[in-house]
Every structure is written in C-alpha cells, then in structure tokens.
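Residue numbers (mature numbering (1 follows the signal peptide of the UniProt record, and there is no 0)): -21 to -1, 1 to 653.
No residue lacks a Cβ here, since even glycine has one placed at the ideal position from N, Cα and C.
For clarity, every value in this text was computed on a predicted model and none was experimentally measured.
Since the structure comes first, as structure tokens, the remarks are kept for the end.
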C-alpha cells in the first residue's frame, strides 16, 4: 500500500475510534521532569527524576511504577465487585457469585485458619509418610503435578510442529528458589546468603510442622535441590524452542530414565491413553533427575515432599506459617518490609482461582465499548505500519520478506476480554475451607488442561484475565492479546494528544507484534509451527543484529556487581526497540504530512518519546532486582527506556542528541530490526 493511502487509512481509523484531532493536553507529566538531567544523557531520569526523588516504594511492595500502580488501583474495584457478589441476596449455591464471595470470605476468615492450622494438609502429609519404596515416587509426583512443586512437571499446549493438536510437554522443575544460580554460584555473596537463610527457613517451617529433626532435614532438602539445580538447563538455554522440541514416543521414555515407572506416572496424571508421544523439553535434565532419584536416600525424598506440601500451602495457613513464609520469600528474597493487607491478598487469591468469573463482572463495570473500539483502531494502525516496515527493511531479502508478510497477515488480535467466558460450575468453593478451595482450584485448572488432549485447538482461550495489567504474544496461536485494564493512563489517555498515546500504548502494541519476529517468535510461521522460513543470508543478517543488541544490554548494571543478561533478555529487547520504532512510524503516518502541534512547549516527536518513557517509570528493591536479573526475560525498566531510545533515529532528531552525549550511539551501532 502506498504511503499516502496508508496515512489516509490511519486517519480514518483514528476518527472512527474517537481519537481527538485537537487534544486538550499533552499527556506528559511535566511536573516529574528533572531539568538538572539532560534527556540526551539519561532520558529515564530526565523524564521521571522528580518522581524518583519523592517516591518511596510502598512497604508492602518489591517494586513500584506504572504497572504496579495501575494494578494496585484496580484492587479496590475488584474488592467492591467481590463484596457485592458476596452480599447479593439472590445468589444461589453453585453460581459464580457464590464461588467468588465464598472464596474471598474463606481467605478473610483468620479465626478459622487458626482453628484448622495444619489439619487441611493431613491427607497429603499422610500420602508422603506412606512412601515405603522409591518405586512409589512416580505416582506421588503425578499427584504433586496437580498441586505442588515436583522434580518435574508438564504443560499442555499446541504441538510446536503440528499446531492443529495439543501435546503434553514434560519440563524441569523441583526448586524452591527462583533459579539454579542460587544453589550453584557460591562466589556470589548475596545468593549464598539467600541460600543459607533459605535453609534456616526450611528448618523453622519443618519444626513448626512437628518434624523431629528440622535442621538436619532442611540441610538434606537443600542438598537435594542443589543436585537438581546442577542438571537443570540455564534460563538462556530454556529460550531455544528448537532444542526444547524433543518428540518422544511413550514407549521410549525409559531410554531417558532407565528403570523409572513412566507407565504409572502417565496413568496417574491422566495423560496415558490420550496421546502416543510427549515432548520432553530438557531431556538431559530428566536423565539427571533419574540419577539423583537413584542416588538420594528415600528418607530425604520424603522430607523433600513434606516440605513442598508445607511450602505450597504456607500462605494459606494460620498466621505463624504465613508470617514465616513471608519473612523469607517477601523480606529476604524480595526485600519487602511488610505483607500486603489481608484483603489485597484475598483479592489476589480469588482472582487467581476465579479470574474470568471476576473478569466478566469487571468488564461490565469498567470497560466501556468505546475503549475496545479505540484499541482495535490502534492495533490496525500498528499492524499496517509494521507491514510497511517489512517492505522497507534494508537487511532482509525478498524471499524472507514475503514470508514475514504472510505471517503478519495471519496475526489474530484479542482485545479486552474473551469472546466466551469460562464455565466454573465444576469448581466447588466452601466458605470456611481456604486450603481446600485453593487445592480444588488447582485440580480444576489441571483437569481443564489435561482434558484438552485429543480435542481441537480452542482458539478463543485467553492466557490472561481482563483485569491483568499486561499483554502478550503467543507464537503457537500467532496472536496478540491486550486485556481490558491496560487501556488506561499512563498507557492510554483518552484526553491526551495522539503523540503520547502512540508512544505509550502504541509502543506496547508494537512490542507485542514484534514478538512474532523476535529471536524466538521468528522461528514460528503464521500457523504457529516451528518452521525455518528464513534464507541463510537473512539468518546471518539477523544474527549480526541480535549480537549487537546482546552486547549493548550486557553492559547495563542496575545493581552494583550485577549486569543485565543480554541473551536472556534478547527477545524482549528486540520487542522494545522494534515496538517503539513501529509506533513512531505509525504516529508520523497518522499526521498525514501535517506538522504536529506544539503542546507544553514540546514537539510531537518529543511527546511521543516522553509517552514511551513515562510507561517505564519505576523503582525496585535491590533484592527483587537480583531475582529478576536471574529469571526475568525483560530488562530493568530504566534500560527499557534508555536502552531503547538510544537506538531510535527519531529520538536523536527530537532531542538533538549528538556525539559526546551519554545516550549517543554512532549510527553503525544502533539496532533497529523491524
């Protein structure tokens, strides 16, 4: 499509969506700008400096920023919905209103939890205590796969090489700490300290539960998890979808773990009889686990499973267990000073168990139809701009370009909420049984997943609820999904200038579209199959650009002694950079050749990038940042802002960035992939 026709299309879409041609405000929080910091040197601090100076992270949060504040602002709305459901005089047993109200009530009934203490866990403790032979462990692991952490787990999803069917995918699991590095990096004092305190925490919890040898058993549990950590794949290795695709006929599982009773495990999980093969994502881990299973005494495995029952339920037990659980996982691991108010934890738990039932009520009250129309128009804009960008890439050949356009044409967009809501009628919720409610909820989710096997792909299913402050791209479905709640400031401001909205929600949309073409997403075709649709020359060009981006982000250090892992964060860094570039292109096209108005003394280009930078306004505790550096595929927020804009030619134009400025990169070192 020619540029002028595309511009006209965008203007029509914007007009139909109700986006104002003459905005009332810039949408930029100019009161937060720190003029003592030049935008050319540190855009993040220039734009957000005054906010950073006056803002303390709330004592019950590990981080605080745009995402966290919107999520926190949504909680009172959800609480009001829940309490209204609970108070509804017309609610009947077995309805969503009853389930929502009673789940919340069971969490809030602290007196009942003090009365029950560990009694709700008796059946699972007895199940563990009954272990008399390692041959019984596969059946126990199958039980744990429904409810708790186990040495390995499985997920149900589309077969990556046959997107018409569901498959069971066996994956590594088993650790109580966020990542294998906590067990293995003895030279890292912070990680070593966390491991030592973890052992003390396990000992205390076991002692509180009546274990006669808590210190010795805690030491054995840590040693066992360390052995599992040694054979696990790293976070970077886990990112490779080709290496993780290992199709194994059921009869050949024994080759990976000789002597292990796979037949019992398959039958107990419900997988057996529904498939004739599974995917084993980390085959070397399964072999390693089997070796650890054979080496470690049965007595150690029993206390390990006892610990996982306790650990998995600690937040839902009496006050002493919940507080000790928070003392380690909240204070030690994340640096948080105090727990969230109980009502917020109750909202979170109810949301986790009954997300779409709650989401349906949330959408009715807080997501007007015009917001969805605006979002649909913006998404169409960004898809059109992305398609134009593919046609003008200087590093991609025509053959690969044609395949990229074919994939883009098959994108599915989901906005706001599902076309059909989940049926929770099979989930039993009892007003005075919090642990039971949680375990039944997990079993309910488990059954939903296993029951997919052998059935057609459900393309209406959502992986997030409407009230989740996030968005995602699913390569297997080739879909981009934007929950209702994110279409609010600072992501979208209906009263603000177009520029800031393109920089904020537009870059979010562009980010998710770009995931279809990042280093992982680009390995899938438009039907969601792992298929190499690239020429060798374009593979080489793409790899050269990704190498440059990895090097850039490896240099960033948010905490002294800790750096961003450019390989772990590569996909998100590609999406951040490409999403901003595409959103900027869409914004310029929307002007249809006319100059943008100057508002608050800021040009349209400046407001675009300021809208982008405002989204990443945040502060985080060092302990939580270290966790994220180990496991989170996203870069820290200040580098999502600064690391992105220094690659954007438009940013250089907007703010006059030149050689000698701290954010300056020579043109040859700037990376824009899409």
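- Annotation: residue 524 to residue 647 spans about 11 Å, alpha carbon to alpha carbon.
- Take the alpha-carbon of residue 404 and the one of residue 18: they are about 55 Å apart.
- An exposed status is given to residue 518, since fewer than 16 other beta-carbon atoms sit within 10 Å of its beta-carbon.
- Beyond the five residues adjoining it in sequence on each side, residue 358 comes within less than 6 Å, by CB distance, of 392 and 488 in the same chain, given in chain order.
- With respect to residue 417, residue 293 sits apart: the two C-beta atoms are not nearer than 8 Å.
- A straight-line Cα-Cα distance of about 5 Å links residue 30 and residue 11.
- For residue 43, DSSP records a beta bridge to 598.
- The Cβ atoms of residue 343 and residue 397 lie no closer than 8 Å to each other.
- Closest by C-alpha distance to residue 152, out of 282, 547, 260 and 330, is 260.
- In terms of Cα proximity to residue 84, the closest of 374, 651, 321 and 589 is 321.
- Residue 72 sits exposed, since fewer than 16 C-beta atoms from the chains shown fall within 10 Å of its C-beta.
- With a cut-off of 8 Å on Cβ pairs, the region 97 to 114 is not in contact with the region 220 to 228, counting fewer than three such pairs.
- Taking one beta carbon from each stretch, the region 91 to 98 and the region 243 to 262 have fewer than 3 pairs nearer than 8 Å; the two do not touch.
- The closest CA to that of residue 551, considering only 534, 328, 493 and 468, is found on 493.
- Rounded to the nearest angstrom, the Cβ distance from residue 446 to residue 14 is 37 Å, too far for a contact under 8 Å.
- Excluding sequence positions up to five before and after residue 514, its CB lies within less than 6 Å of the CB of 376, 378 and 379, all in the same chain and listed in chain order.
- When only Cα atoms are considered, residue 502 and residue 511 end up about 6 Å apart.
- Comparing alpha carbon positions, the residue from 101, 348, 616 and 149 closest to residue 600 is 616.
- When only Cα atoms are considered, residue 587 and residue 651 end up about 17 Å apart.
- Annotation: residue 643 is outside any alpha helix (DSSP H) and is labelled neither H nor E by DSSP.
- 157 is the residue among 157, 613 and 265 whose C-alpha sits nearest the C-alpha of residue 313.
- Per the C-alpha coordinates, the member of 572, 352, 381 and 432 positioned closest to residue 133 is 432.
- One thing to note: residue 535 has its Cβ no nearer than 8 Å to the Cβ of residue 420.
- Looking only at 128, 139 and 168, the smallest Cα-Cα distance to residue 154 is reached by 128.
- Counting only runs of 4 or more residues that sit fully inside the region 355 to 417, the alpha helix (DSSP H) segments are 377 to 388, in chain order.
- With contacts defined as CB atoms closer than 8 Å, residue 486 and residue 422 fail to qualify as a contacting pair.
- 199 is the residue among 199, 317 and 575 whose C-alpha sits nearest the C-alpha of residue 284.
- Here residue 136 is bridged, per DSSP, to 146.
- In this structure, the alpha-carbon of residue 239 lies about 46 Å from that of residue 464.
- If one requires a minimum length of 4 residues, the alpha helix (DSSP H) runs lying completely within the region 284 to 343 are 298 to 305 and 321 to 332, in chain order.
- In this structure, the CA atom of residue 204 is about 41 Å from the CA atom of residue 32.
- Apart from the 5 residues on each side of it in sequence, residue 233 sits with its Cβ closer than 8 Å to the Cβ of 239 and 241 in its chain, given in chain order.
- Excluding residues up to 5 positions away in sequence, 182, 185 and 186 lie with their Cβ nearer than 6 Å to the Cβ of residue 193 in the same chain.
- Annotation for residue 453: the continuous beta strand (DSSP E) segment containing it runs 451 to 453.
- Contact annotation: the region 298 to 311 does not touch the region 158 to 166, with fewer than three C-beta pairs closer than 8 Å.
- Your pair residue 553 and residue 504 does not check out as a contact, with CB atoms roughly 18 Å apart and the cut at 8 Å.
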